[in-house]
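Participant:
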Amino acid sequence: NSTVEIGEGNLKLLYSVDGGKLSQYINRRNSVSAVVEQSYSYYTGFSGTDEDPQASGAYVFRSNGSFSIKSEGKDSLTVMKGPLLDEVHQHPTSWIHQITRVYKGKEHAEIEFTIGPIPIDDGAGKEIVTQIKTTMNTNGTFYTDSNGRDFIKRIRDHRADWDLEVSQAIAGNYYPINVGVYVEDGKKELSVLVDRAIGGSSIMDGQIELMLHRRLLHDDSRGVGEVLNETVCAFDDCKGLVIKGKYFIRIDPIGEGAKWRRSVGQEIYSPLILAFAEQDGDDWM
Amino acid sequence: LKTEKLANALAIAQHHDAVTGTERQHVAADYTMRLHMGYVEAEKVISSSLSSMTNTHGKTETSYEQCPLLNISYCPPSETLLSNGKSLVVVVYNPLGWNREEVIQIPVSIDEVIVQDFKGREVESQLLPVTKSSLSIRNDHLKAYLGKPSDTVIKYWLAFQVSVPPLGFSTYVVSGARAGARSVMSSAFTVQGEV
Numbered sequence: 083n084s085t086v087e088i089g090e091g092n093l094k095l096l097y098s099v100d101g102g103k104l105s106q107y108i109n110r111r112n113s114v115s116a117v118v119e120q121s122y123s124y125y126t127g128f129s130g131t132d133e134d135p136q137a138s139g140a141y142v143f144r145s146n147g148s149f150s151i152k153s154e155g156k157d158s159l160t161v162m163k164g165p166l167l168d169e170v171h172q173h174p175t176s177w178i179h180q181i182t183r184v185y186k187g188k189e190h191a192e193i194e195f196t197i198g199p200i201p202i203d204d205g206a207g208k209e210i211v212t213q214i215k216t217t218m219n220t221n222g223t224f225y226t227d228s229n230g231r232d233f234i235k236r237i238r239d240h241r242a243d244w245d246l247e248v249s250q251a252i253a254g255n256y257y258p259i260n261v262g263v264y265v266e267d268g269k270k271e272l273s274v275l276v277d278r279a280i281g282g283s284s285i286m287d288g289q290i291e292l293m294l295h296r297r298l299l300h301d302d303s304r305g306v307g308e309v310l311n312e313t314v315c316a317f318d319d320c321k322g323l324v325i326k327g328k329y330f331i332r333i334d335p336i337g338e339g340a341k342w343r344r345s346v347g348q349e350i351y352s353p354l355i356l357a358f359a360e361q362d363g364d365d366w367m
Numbered sequence: 081l082k083t084e085k086l087a088n089a090l091a092i093a094q095h096h097d098a099v100t101g102t103e104r105q106h107v108a109a110d111y112t113m114r115l116h117m118g119y120v121e122a123e124k125v126i127s128s129s130l131s132s133m134t135n136t137h138g139k140t141e142t143s144y145e146q147c148p149l150l151n152i153s154y155c156p157p158s159e160t161l162l163s164n165g166k167s168l169v170v171v172v173y174n175p176l177g178w179n180r181e182e183v184i185q186i187p188v189s190i191d192e193v194i195v196q197d198f199k200g201r202e203v204e205s206q207l208l209p210v211t212k213s214s215l216s217i218r219n220d221h222l223k224a225y226l227g228k229p230s231d232t233v234i235k236y237w238l239a240f241q242v243s244v245p246p247l248g249f250s251t252y253v254v255s256g257a258r259a260g261a262r263s264v265m266s267s268a269f270t271v272q273g274e275v
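Chains as they are written, first to last, in my numbering: chain A, 83 to 367; chain B, 81 to 275.
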């Protein structure tokens with residue numbers, strides 16, 4: 083009674099009732115089981131000082147601390163179950179809404195996020211990230227696609243062809259992600275595919291993080307000449323941008339994730355096209 | 081019928097500032113405008129192509145609509161047609177070279193629906209209640225985009241399984257349910273604290 087299970091097919095996700103958080107990933111077909119957590123946090127943008135004037139802005143990512151996003155009020159989740167798919171709706175804050183879907187015929191979880199307007203009334207620009215954490219021992223290594231081509235090995239705080247001196251612990255390990263990112267521990271591989279170009283990393287072993295949205299209050303003086311603080315206006319009422327997208331999570335036995343990353347990675351960027359028409363009664367086309 | 085505006089918009093959107101979102105806001109607005117112009121142009125090509133491909137019985141060519149605002153739960157053809165007692169034809173095109181089995185979702189305003197494939201066989205479907213937060217996002221954005229809220233009220237997402245051949249299309253018909261056949265309503269519950 084302490085967990086809620088979703089998924090009518092091979093894939094099951096377990097959520098803890100106390101806290102309403104994702105706790106376990108189970109695939110009955112290939113016997114993969116893993117402890118998984120998913121959460122949101124943000125980096126505040128560095129505003130620059132007399133001694134260190136480079137501010138965090140559109141081009142330059144210089145975080146000034148990381149803050150986890152705690153649920154406002156009581157943690158709750160709404161679950162919808164049916165023959166084709168199960169959905170879990172979560173609303174950790176008034177400006178983050180998330181739907182996790184598990185389809186009966188698929189062996190991955192689809193996470194749809196709606197984020198924004200990012201609040202800036204505390205005077206801090208924020209870069210919102212989601213983190214997927216497992217207990218996998220990944221030894222500081224992760225793999226990201228190279229502009230949609232091969233997945234390339236990345237080692238935290240390391241470059242293969244020069245001696246790296248780390249001055250930005252987070253940004254120095256961020257990479258562009260167009261298709262996906264994965265980690266492996268010799269037994270399993272955790273893969274995440276995205277539907278847009280974003281930044282991401284594996285800041286801790288067994289963890290993958292994706293930067294989903296940004297709203298900053300300083301120009302980084304690197305050419306854009308404008309603060310990254312986009313708004314949408316209706317009737318002179320301007321609000322920060324709300325973004326909506328999806329990412330996809332799957333855990334495979336080692337060596338079996340590549341096929342999914344290649345095929346589903348292609349499908350994400352080539353969605354089915356829907357067109358609608360009307361029909362009178364039984365006048366079949 | 082051409083797709084040159086879409087080609088131009090996509091070419092411009094490959095600039096590094098467009099990919100990373102580091103462009104100025106007025107430039108972002110320009111990208112949006114060009115992509116929209118490209119979408120509107122390409123939509124006509126798609127509609128014409130589908131009309132040509134589905135017109136196999138020599139009938140008058142069907143006019144197809146698309147739903148570019150489906151991401152904010154807005155799709156006038158699926159919302160209005162079903163409530164007016166007509167059937168909705170959904171054509172699903174697969175641009176990839178392998179068969180696809182996927183679940184698609186469209187917003188509907190009625191709660192008794194049947195989905196059939198092109199041979200008239202019933203297809204398994206599921207209704208999922210639209211949440212308050214989805215409706216709030218829909219209403220906020222429709223006010224911004226259309227200048228007014230929607231004329232229709234949606235109640236559910238209709239999900240159904242589609243199977244689409246490589247580089248081809250499948251057709252499904254969504255109708256108000258007749259006796260004995262209807263979509264399965266999702267069971268919904270909220271967990272709060274330990275309750």
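Where a beta carbon is used, it is the ideal one built from N, C-alpha and C, also for glycine.
On a predicted model such as this, the values are computed, not experimentally measured, just so you know.
Quick check on Val-184 of chain A: does DSSP put it in helix, strand or coil?
Facilitator: Taking the first sequence and counting its residues from 1, the one referred to as residue 184 of chain A is at position 102. In this structure, Val-184 of chain A counts as strand in the three-state DSSP scheme.
Participant: At a CB-CB cut-off below 9 Å, which residues of chain A make contact with Tyr-173 of chain B?
Facilitator: Mapped onto the second sequence, residue 173 of chain B falls at position 93. Simply Leu-354, Ile-355, Leu-356 and Ala-357.
Participant: With the cut-off set at 7 Å, would you say His-300 of chain A and Ala-137 of chain A are in Cβ contact?
Facilitator: Mapped onto the first sequence, residue 300 of chain A falls at position 218. Mapped onto the first sequence, residue 137 of chain A falls at position 55. Going by C-beta atoms, His-300 of chain A is nearer than 7 Å to Ala-137 of chain A.
Participant: Taking buried to mean at least 16 other C-beta atoms within 10 Å of its own C-beta, is Gln-272 of chain B buried or exposed?
Facilitator: For the purposes of this step, residue 272 of chain B is taken as residue 192 along the second sequence, with counting starting at 1. The residue is exposed, with fewer than 16 neighbouring Cβ atoms inside 10 Å.
Participant: Below 8 Å on the Cβ atoms is my contact criterion, and I expect Lys-186 of chain A with Pro-165 of chain A to pass it. Report the Cβ-Cβ distance as a whole number of Å.
Facilitator: Numbered from its first residue, the first sequence carries residue 186 of chain A at position 104. Numbered from its first residue, the first sequence carries residue 165 of chain A at position 83. Confirmed, about 7 Å.
Participant: Can the beta-carbon of Ser-123 of chain A be found closer than 7 Å to that of Ser-105 of chain A?
Facilitator: Taking the first residue of the first sequence as 1, we reach residue 123 of chain A at position 41. Taking the first residue of the first sequence as 1, we reach residue 105 of chain A at position 23. Taking 7 Å as the Cβ cut-off, Ser-123 of chain A and Ser-105 of chain A do not qualify as a contacting pair.
Participant: May I ask which residues mark the beginning and end of the alpha helix (DSSP H) holding Met-218 of chain A?
Facilitator: Taking the first sequence and counting its residues from 1, one reaches residue 218 of chain A at position 136. Met-218 of chain A -> no alpha helix (DSSP H), and no H or E assigned at all.
Participant: At 9 Å on the CB atoms, spell out the chain B contacts of Ala-279 of chain A, in chain order.
Facilitator: Here residue 279 of chain A is taken as the residue at index 197 of the first sequence, counted from 1. Near Ala-279 of chain A (Cβ distances below 9 Å), the residues of chain B are Val-99, Thr-100 and Gly-101.
Participant: Mind checking the segment 164-187 of chain A against chain B and listing, in chain order, the residues whose C-beta falls within less than 7 Å of any C-beta there?
Facilitator: Under the 7 Å Cβ criterion, the segment 164-187 of chain A contributes Gly-164, Pro-165, Leu-166, Leu-167, Glu-169, His-171, His-173, His-179, Tyr-185 and Gly-187.
Participant: Which residues bound the beta strand (DSSP E) around Ile-197 of chain A?
Facilitator: By one-based count along the first sequence, residue 197 of chain A stands at place 115. Taken as a continuous stretch (DSSP letters only), the beta strand (DSSP E) holding Ile-197 of chain A covers 191-197.
Participant: Scan the segment 130-191 of chain B and note each continuous alpha helix (DSSP H) run of 4 residues or more that stays entirely inside, going in chain order.
Facilitator: For the segment 130-191 of chain B, whole alpha helix (DSSP H) runs of length 4 or above, ordered along the chain, are 156-163.
Participant: Do Val-161 of chain A and Val-86 of chain A come within 7 Å of each other at the CB atom, strictly closer than that value?
Facilitator: The residue given as residue 86 of chain A occupies position 4 in the first sequence. The residue given as residue 161 of chain A occupies position 79 in the first sequence. Contact: yes.
Participant: Of all the options A:Asn-219, A:Gly-207, A:Ser-84 and A:Lys-328, which has the alpha carbon lying nearest to the alpha carbon of Ser-98 of chain A?
Facilitator: Residue 98 of chain A sits at position 16 when you count from the first residue of the first sequence. The candidate whose alpha carbon is nearest that of Ser-98 of chain A is A:Ser-84.
Participant: List, in chain order, every chain B residue whose beta-carbon is nearer than 8 Å to that of Thr-226 of chain A.
Facilitator: Residue mapping note: residue 226 of chain A aligns to position 144 of the first sequence, counting from 1. Near Thr-226 of chain A there are no residues of chain B at all, since even the closest Cβ is about 15 Å away, more than 8 Å.
Participant: Starting from the Cα of Val-170 of chain A, find the closest Cα among A:Arg-183, A:Glu-360 and A:Gly-307 and give me that residue.
Facilitator: Here residue 170 of chain A refers to the residue found at position 88 when the first sequence is read from its first residue. With distances taken between Cα atoms, Val-170 of chain A lies closest to A:Arg-183.
Participant: Counting only beta-carbon atoms, is Gln-206 of chain B nearer than 7 Å to chain A?
Facilitator: On the second sequence, position 126 is the one that residue 206 of chain B refers to. Closer than 7 Å: yes.
Participant: Taking the alpha-carbon positions, what's the Lys-208 of chain A to Thr-102 of chain B distance?
Facilitator: The residue labelled residue 208 of chain A in the question sits at position 126 within the first sequence. The residue labelled residue 102 of chain B in the question sits at position 22 within the second sequence. Using only the alpha carbons, I get a separation of about 15 Å.
Participant: Does any residue of chain A bring its CB to less than 7 Å from the CB of Asn-179 of chain B?
Facilitator: Reading the second sequence from its first residue, position 99 is the one you call residue 179 of chain B. False, the Cβ-Cβ gap to chain A never drops below 7 Å.
Participant: Rounding to the nearest angstrom, what Cα-Cα distance links Arg-343 of chain A and Gly-177 of chain B in this structure?
Facilitator: For this step, residue 343 of chain A is matched to residue 261 along the first sequence. For this step, residue 177 of chain B is matched to residue 97 along the second sequence. If you take the alpha carbons of Arg-343 of chain A and Gly-177 of chain B, they lie about 16 Å apart.
Participant: Taking the alpha carbon of Thr-313 of chain A as the point to measure from, which residue in B:Thr-100, B:Ala-109 and B:Arg-262 has its own alpha carbon closest?
Facilitator: Position 231 of the first sequence, counted from the start, is the residue given in the question as residue 313 of chain A. For Thr-313 of chain A, the nearest C-alpha among the options comes from B:Ala-109.
Participant: Any beta carbon from chain B within less than 7 Å of Gln-136 of chain A's own beta carbon?
Facilitator: Along the first sequence, read from residue 1 onward, the residue named residue 136 of chain A stands at position 54. Answer no: the Cβ-Cβ gap between Gln-136 of chain A and chain B never drops below 7 Å.
Participant: Touch check for the segment 144-154 of chain B and the segment 349-365 of chain A: three-plus C-beta pairs under 8 Å?
Facilitator: In short, these stretches touch, since the Cβ pair count reaches three.
Participant: Between the segment 147-159 of chain B and the segment 126-134 of chain B, do three or more beta carbon pairs fall short of 8 Å?
Facilitator: They do not touch, by the three-pair rule.
Participant: Measure the alpha-carbon distance for His-240 of chain A versus Val-263 of chain A and round it to whole angstroms.
Facilitator: On the first sequence, position 158 is the one that residue 240 of chain A refers to. On the first sequence, position 181 is the one that residue 263 of chain A refers to. Roughly 17 Å separates the two Cα atoms.
Participant: In this structure, how does DSSP classify Tyr-111 of chain B when only helix, strand and coil are distinguished?
Facilitator: Position 31 of the second sequence, counted from the start, is the residue given in the question as residue 111 of chain B. Looking at Tyr-111 of chain B - three-state DSSP - the assignment turns out to be helix.
Participant: On the criterion of 16 or more Cβ atoms from any shown chain inside 10 Å, does Ile-280 of chain A qualify as buried, or is it exposed?
Facilitator: To locate residue 280 of chain A, count along the first sequence from 1; it is residue 198. So Ile-280 of chain A counts as buried.
Participant: What did DSSP end up calling Asp-220 of chain B once you bin it into helix, strand or coil?
Facilitator: If you number the second sequence from 1, residue 220 of chain B lands on position 140. Three-state DSSP puts Asp-220 of chain B in a helix.
Participant: Decide if Asp-362 of chain A is buried, meaning its Cβ has at least 16 other Cβ atoms within 10 Å, or exposed.
Facilitator: Reading the first sequence from its first residue, position 280 is the one you call residue 362 of chain A. Looking at its Cβ environment, which holds fewer than 16 other Cβ atoms inside 10 Å, Asp-362 of chain A is exposed.
Participant: Restricting to Cα atoms, I'd like to know which of B:Leu-222, B:Tyr-236 and B:Pro-148 is closest to Ala-122 of chain B.
Facilitator: Taking the second sequence and counting its residues from 1, one reaches residue 122 of chain B at position 42. It is B:Pro-148.
Participant: For Leu-161 of chain B, which of B:Glu-204, B:Ile-234, B:Asp-220 and B:His-106 has the nearest alpha-carbon?
Facilitator: What you label residue 161 of chain B is simply residue 81 of the second sequence in a count that begins at 1. Nearest option by C-alpha distance: B:Ile-234.
Participant: Would you say Val-170 of chain B lies against chain A (beta-carbon separation less than 7 Å)?
Facilitator: Locating residue 170 of chain B in the second sequence gives position 90, counting from the first residue. With 7 Å as the cut-off, Val-170 of chain B counts as an interface residue toward chain A.
Participant: Could you check which residue in B:Ser-263, B:Asp-197 and B:Ile-186 has the C-alpha nearest to that of Val-244 of chain B?
Facilitator: Locating residue 244 of chain B in the second sequence gives position 164, counting from the first residue. The candidate whose alpha carbon is nearest that of Val-244 of chain B is B:Asp-197.
Participant: May I ask you to report which of helix, strand or coil DSSP gives Ala-98 of chain B?
Facilitator: Residue mapping note: residue 98 of chain B aligns to position 18 of the second sequence, counting from 1. Helix.
Participant: Using beta-carbon positions only, say whether Arg-201 of chain B and Glu-308 of chain A come within less than 7 Å of one another.
Facilitator: Here residue 201 of chain B is taken as the residue at index 121 of the second sequence, counted from 1. Here residue 308 of chain A is taken as the residue at index 226 of the first sequence, counted from 1. No.
Participant: Using 10 angstroms around the beta-carbon of Asn-255 of chain A, count the other beta-carbons present and answer buried if the total reaches 16, otherwise exposed.
Facilitator: As a first step, residue 255 of chain A is located in the first sequence; it is residue number 173 there, counting from the start. Label assigned to Asn-255 of chain A: buried.
Participant: Cα-Cα, which of A:Ile-259, A:Glu-194, A:Asn-109 and A:Ile-336 is closest to Glu-266 of chain A?
Facilitator: Your numbering for residue 266 of chain A matches position 184 in the first sequence. Among A:Ile-259, A:Glu-194, A:Asn-109 and A:Ile-336, the Cα nearest to that of Glu-266 of chain A is on A:Ile-336.
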